[in-house]
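In our numbering, the protein residues as written are -2 to 123. Beta carbons are placed, not taken as given, at the ideal position from N, Cα and C, and that holds for glycine.
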């Protein structure tokens, strides 16, 4: 008798779940995605900065002598703060061969003198 009672309760529960699940014939449509803006973030954060643009060497340039990386300086959108650039130079296989950091210089650009050894007459990216 107890065995039949368990099946009866289980069957009634399944019937109730199916009734509730199938009672609404109109599916719920998704909401539109939120778009970004230049305003403060959702929690009021205002620390925003863009990536620096490479100036030289670019476009397959082959520098003679020492390698100097040049980037266009960037600044914060809502506040001024010191900027430090982190860079990586990779060989043709994509392996990182030189890394470093450089504080932004005054003015429009920062020059970074590369002191690590690079393979001669090979393509590198940064």
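| Host beta strand (DSSP E) of residue 46 (start-end) | Mapped onto the chain shown, residue 46 falls at position 49. Element bounds for residue 46: n/a, residue is neither H nor E.
| message | Please classify residue 110 as buried or exposed, where buried requires at least 16 other C-beta atoms within 10 Å of its C-beta. | response | For the purposes of this step, residue 110 is taken as residue 113 along the chain shown, with counting starting at 1. Burial call: exposed.
| request: Have a look at 76, 108, 121 and 49 and flag the residue whose alpha-carbon is nearest the alpha-carbon of residue 90. | output: For the purposes of this step, residue 90 is taken as residue 93 along the chain shown, with counting starting at 1. When each option's Cα is compared against that of residue 90, the closest is 121.
| query | With 16 as the cutoff for other CB atoms within 10 Å, does residue 12 come out buried or exposed? | reply | Position 15 of the chain shown, counted from the start, is the residue given in the question as residue 12. The residue in question, residue 12, is exposed, as its Cβ has fewer than 16 Cβ neighbours within 10 Å.
| message | Quick check on residue 6: buried or exposed, where buried means 16 or more other Cβ atoms within 10 Å of its Cβ? | response | Counting from 1 along the chain shown, the entry for residue 6 is found at position 9. Label assigned to residue 6: exposed.
| said: Quick check on this structure: which residue in 118, 75, 67 and 77 has the alpha carbon closest to the alpha carbon of residue 83? | reply: Sequence index remark: in the chain shown, residue 83 carries index 86 (1-based). Cα-wise, what sits closest to residue 83 is 67.
| query | The beta strand (DSSP E) with residue 75 in it runs from where to where? | reply | Taking the first residue of the chain shown as 1, we reach residue 75 at position 78. Unbroken run through residue 75: none, as it is neither H nor E.
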